[in-house]
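According to the numbering used here, the sequence shown is numbered sequentially starting from 143. Beta carbons are placed, not taken as given, at the ideal position from N, Cα and C, and that holds for glycine. Here the structure is a predicted model, which means the values were calculated and not measured.
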Amino acid sequence: MSSPERPNASSVQLARETRERFVAATEGVIAPTAQAIRERLNVLASQTGNVREMYQHRDDFVAFVGQESRWVNLTASGWRRALQGMQAGGSALQSLSGGLELINDDVVENNILSSRLALVIQDKASFELNDLRLRMQHLENTSELSTKDVLRPEVLAKLLVDQWLAAGLSRALWTKVQDVVQQQMLDVILKAYKDANAFLVSRGVMPEIDLKGFVKRAHGAPSSLPMSFSGGGVPGSAAGRGMTMDAPLHGGAVFAPAAIGLQNPAATSRAGAAAAAGDFPLLGAPLVIARQRAQGVLSSLKRFVTARIGSDFVGGSSAMAANAGGATGGPRSLSPGAASPVFVQAIMDAEVAFRAASSQYVVGDEATAIQQSAVEMRRRTAELKKKAPTTADKATVEIVALMFQAILAEERIPFSARVWFARLQMPVLRVAIAEPEFFGTLQHPARMLIDRMGSCVMGFDAAAISGSALEGEIRRVVQVIEQYPETGQRVFKLVYDEFVAFLSKYLTQSDATQRLMSVAQQVEQKETMAIQYTIELRKMLNDIPVREEIREFLFKVWAEVLALAALRYGAQDQQTVTLKRAAADLVWAASAKPNRNDRTRVIQDLPSLLQRLRQGMALLGIEGEPQEQHIKVIGQTLADAFMSKTDAIPSAQIDAMAKRLANLEDFVSDEGATDLPLDAASIELLLGVDAASIEVVPDTGAKVSEEMLAWAHDLQVGNWFMLDHNSRPTQVQFVWRSDRKQLHLFAAPGGRSFLIQAGRLASYLQAGLLVPAEEETLTVRATREALAKLDANPERLLD
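Structural data, given as structure tokens:
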């Protein structure tokens with residue numbers, strides 16, 4: 143076997159510069175992360191509760207403040223040393239040299255903490271990280287990034303945890319603030335990956351990642367694993383005995399291979415049970431827990447298959463031989479045809495044949511058609527397994543077939559949609575053969591597409607789907623994928639984005655929903671502007687002596703008037719400008735008037751001022767007795783101003799306030815505009831819409847955790863839920879989220895709509911009053927069912 147060709151000096155320098163830029167970009171987030179942690183702990187320490195919790199929160203805050211700078215310094219210097227170690231040519235194999243060894247409890251628990259953070263990073267940056275990995279491998283002529291490469295999420299995650307403990311801080315405290323670390327890190331790391339890709343593209347490194355254009359691997363070279371199971375560790379059993387530490391968690395977080403299977407009993411009691419469900423304990427926010435459980439299914443599948451195929455699995459996949467990089471060190475070929483043209487042609491022939499056969503199943507008895515489809519799929523699978531050149535290829539064919547068998551048997555998917563889902567089996571098989579991450583990550587575009595389409599259609603009955611635009615879009619998506627078999631996951635990513643865009647229009651296409659969306663969006667804008675105007679008015683009046691009655695009127699009434707006027711007429715419309723000027727005139731009129739000329743001017747201008755105030759309150763719906771009460775208070779305040787002997791407000795200060803009010807929109811920001819008052823009356827008031835068919839569910843002011851708010855913001859449009867509102871369970875579909883993510887619209891099949899504010903939505907999720915209709919995504923459930931069948935009948939994997 144020929145040795146890999148060494149990269150030239152310019153490639154080495156470019157790779158070094160890419161990593162330096164990445165480290166520099168991510169190093170800058172360490173200090174802000176520490177500050178955010180300190181602020182979180184300070185908030186907790188300020189809260190009231192039972193004595194034990196209060197003392198614990200205070201001790202946590204004191205402990206972190208005492209070691210904050212040390213952790214920041216240790217982490218920053220350790221991050222730079224990690225880069226220097228790579229540049230010095232440290233071997234990535236050093237971490238693998240141990241084979242098997244006993245480890246203590248601390249190592250296991252530290253790895254669990256760091257892998258959880260790495261998993262979240264991988265979830266967020268899956269596509270950018272994958273592209274960067276391909277470009278770096280192409281640049282350096284390697285088949286995989288080093289296990290110590292600073293570009294790997296697990297390297298930074300492990301450094302953060304290790305230095306946290308080295309600074310004298312506890313694991314329990316890390317667990318308490320890990321969500322803060324994630325929030326601070328994710329966007330910065332994602333941007334760093336994007337910038338690294340952009341930098342390499344600007345230097346001419348793979349501007350387009352064309353899977354067909356990779357140099358083909360020489361025949362007989364070692365292959366990588368079809369299911370992203372890296373390294374030479376001993377796999378655990380199907381039941382999850384022992385921790386498969388070398389298996390990447392979600393394509394990224396990797397435990398030390400020395401930990402495999404030989405933990406001491408104390409470690410096994412905690413970590414061994416975790417491995418049965420995945421690779422780490424199911425702790426944290428519900429959304430993270432669901433992802434961990436789903437990842438556990440994939441991990442169990444990897445362990446099962448590896449245990450039965452063994453060395454054949456490691457070296458037997460013809461497609462994976464192409465995927466791992468050439469023996470000559472050239473860039474990888476992800477095209478399965480590069481390794482086995484006969485097998486690839488067999489997959490294409492099966493796809494064409496099944497496509498022709500499936501077109502006949504749409505007409506006639508549905509049960510018979512589904513049965514015929516299942517039989518045809520099984521027959522094609524058997525033929526493909528006979529032609530598969532390696533045991534790994536046979537296993538991949540069988541697993542994909544079982545997954546689609548489960549999808550085809552899913553009765554909640556309307557028949558007309560199920561037929562199109564079935565036609566994705568061969569395109570998905572091509573991707574699974576060519577791209578190992580399909581079995582290793584929940585974020586693979588093929589999985590995401592099937593899951594999104596499945597979650598959307600499972601709430602509709604057959605009559606609602608048949609012949610609809612939704613069915614037409616699913617048909618178009620499948621046909622586009624079939625037309626571009628050579629593009630791998632790229633075509634799945636393309637049509638996934640298109641399907642998401644389609645959903646946002648399709649689910650809100652009715653006139654009633656469009657009208658409600660428009661009103662809700664304007665309610666959000668109006669309430670947000672009112673809060674922003676209130677904040678700005680407070681700033682303006684900080685240094686101006688104004689009676690408390692006038693302040694309260696301006697903050698609670700006039701800010702809403704200005705917001706509604708700006709929304710209805712426009713911020714610079716003459717009517718809005720007149721109302722803005724009224725605020726400045728009211729402040730001046732209510733100030734002391736020791737000068738006779740000023741008192742004369744107030745008397746002359748008062749009727750006009752009161753008229754403008756009445757017009758503004760009428761715009762807001764304040765009329766009759768409530769309006770008269772406000773006018774009475776204002777009149778009394780103005781009368782007191784006549785008698786006041788204090789200094790008057792200088793005209794220059796009033797003019798400056800009027801000028802600032804006239805251009806108020808230039809000064810306001812979104813800061814603080816998160817708690818929006820909301821009720822049915824405000825909707826009716828805004829545009830005169832009857833809110834009888836709208837159930838408005840506003841915030842109640844109850845505290846909700848940031849994890850629950852994050853879950854609420856992560857809900858996907860199109861998914862179905864069971865909503866228990868006022869003891870009336872209703873099946874609803876999430877159809878729209880407002881621009882500022884404050885309002886969420888759920889539609890029930892009967893035509894009723896629920897407009898729920900973000901805080902209340904998080905509360906409902908936390909209390910179990912809003913529950914996802916599906917506990918697992920379609921592909922995870924299909925994988926679980928496939929694994930159950932293989933567990934019961936393992937011989938079918940290769941027969």
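Assigned exposure category for residue i - 16 Cβ within 10 Å defines buried
{"i": "Tyr197", "result": "exposed"}
{"i": "Asn861", "result": "buried"}
{"i": "Thr289", "result": "buried"}
{"i": "Met348", "result": "buried"}
{"i": "Ala783", "result": "buried"}
{"i": "Arg738", "result": "exposed"}
{"i": "Val396", "result": "At Val396 the pLDDT is 32, less than 50, meaning the model places this residue with poor confidence; the figure from the coordinates comes in the next sentence. Classification for Val396: buried."}
{"i": "Ser366", "result": "For Ser366, the predicted model reports a pLDDT of 34, less than 50, meaning its position is unreliable; a value from the coordinates is still stated below. So Ser366 ends up on the buried side."}
{"i": "Ala224", "result": "buried"}
{"i": "Pro578", "result": "buried"}
{"i": "Arg560", "result": "buried"}
{"i": "Asn868", "result": "exposed"}
{"i": "Val625", "result": "As written in the sequence, residue 625 is Gln, which differs from the Val given in the question. By the neighbour-count rule (16 or more Cβ atoms within 10 Å), Gln625 is not buried but exposed."}
{"i": "Thr190", "result": "exposed"}
{"i": "Gly892", "result": "exposed"}
{"i": "Lys647", "result": "exposed"}
{"i": "Val494", "result": "exposed"}
{"i": "Gly131", "result": "Given a span of 143 to 941 for the chain in the structure shown, any question on residue 131 remains unanswerable."}
{"i": "Gln487", "result": "exposed"}
{"i": "Pro749", "result": "exposed"}
{"i": "Gly614", "result": "exposed"}
{"i": "Pro871", "result": "exposed"}
{"i": "Lys444", "result": "buried"}
Whole-angstrom C-beta distance between residue j and residue i, which should lie under 8 Å
{"i": "Phe641", "j": "Leu591", "result": "7 Å"}
{"i": "Val439", "j": "Val922", "result": "6 Å"}
{"i": "Thr175", "j": "Met545", "result": "Going by Cβ atoms, the distance from Thr175 to Met545 rounds to 40 Å, so no, they are not a contact pair."}
{"i": "Leu100", "j": "Val699", "result": "The requested residue 100 is not part of the displayed model; the chain covers only 143 to 941."}
{"i": "Val447", "j": "Ala537", "result": "5 Å"}
{"i": "Leu939", "j": "Leu932", "result": "6 Å"}
{"i": "Ala804", "j": "Val719", "result": "6 Å"}
{"i": "Ser482", "j": "Pro531", "result": "5 Å"}
{"i": "Phe896", "j": "Val839", "result": "6 Å"}
{"i": "Ile623", "j": "Leu566", "result": "7 Å"}
{"i": "Tyr638", "j": "Pro569", "result": "At roughly 13 Å, the Cβ-Cβ gap does not stay under 8 Å, so Tyr638 and Pro569 are not in contact."}
Run of the alpha helix (DSSP H) containing residue i, from where it starts to where it stops
{"i": "Arg116", "result": "Nothing about residue 116 can be reported from this structure: the residues present for the chain run from 143 to 941 only."}
{"i": "Arg618", "result": "Ala611 to Gln625"}
{"i": "Ile172", "result": "Ile172 to Ser188"}
{"i": "Ile592", "result": "Pro587 to Val599"}
{"i": "Ser344", "result": "Arg313 to Ser344"}
{"i": "Met785", "result": "Glu767 to Met785"}
{"i": "Ala701", "result": "Ala701 to Tyr711"}
{"i": "Phe563", "result": "Phe557 to Ala564"}
{"i": "Phe863", "result": "Here Phe863 belongs to no alpha helix (DSSP H); instead the beta strand (DSSP E) covers Trp862 to His867."}
{"i": "Met568", "result": "Gln567 to Ala576"}
{"i": "Met984", "result": "Since the first residue shown for the chain is 143 and the last is 941, residue 984 is missing from the structure and cannot be characterised."}
{"i": "Phe695", "result": "Glu690 to Phe695"}
Residue i: first and last residue of the uninterrupted beta strand (DSSP E) it sits in
{"i": "Glu837", "result": "Ile836 to Val839"}
{"i": "Pro531", "result": "Neither: Pro531 is in no beta strand (DSSP E) and is coded neither H nor E."}
{"i": "Gln873", "result": "Arg870 to Arg879"}
{"i": "Val913", "result": "Leu912 to Pro914"}
{"i": "Ser895", "result": "Ser895 to Gln899"}
{"i": "Asp941", "result": "Per DSSP, Asp941 belongs to no beta strand (DSSP E) and is neither H nor E."}
{"i": "Leu887", "result": "Leu885 to Ala889"}
{"i": "Leu584", "result": "Taken as a continuous stretch (DSSP letters only), Leu584 belongs to no beta strand (DSSP E), as it is neither H nor E."}
C-beta neighbour in chain C for residue i, strict 8 Å
{"i": "Leu780", "result": "Note that chain C does not occur in the displayed structure, where there is just one protein chain."}
Determine, using beta-carbon pairs with one atom in the segment 841-849 and one in the segment 762-769, whether at least three such pairs fall under 8 Å.
no
Below 8 Å, how does it come out for the segment 894-901 and the segment 511-518: are there three or more Cβ pairs, yes or no? no
Specify whether the segment 330-338 and the segment 263-280 touch according to this definition: at least 3 beta carbon pairs, one from each stretch, less than 8 Å apart.
yes
- [ ] Tell me, please, whether the segment 208-224 touches the segment 306-318 by the rule of three or more beta-carbon pairs shorter than 8 Å.
- [x] yes
Decide yes or no for the touch test of the segment 794-804 against the segment 740-757: beta carbon pairs closer than 8 Å, at least 3 of them.
no
With a threshold of 8 Å, are at least 3 pairs of Cβ atoms found where one atom belongs to the segment 769-783 and the other to the segment 687-701?
yes
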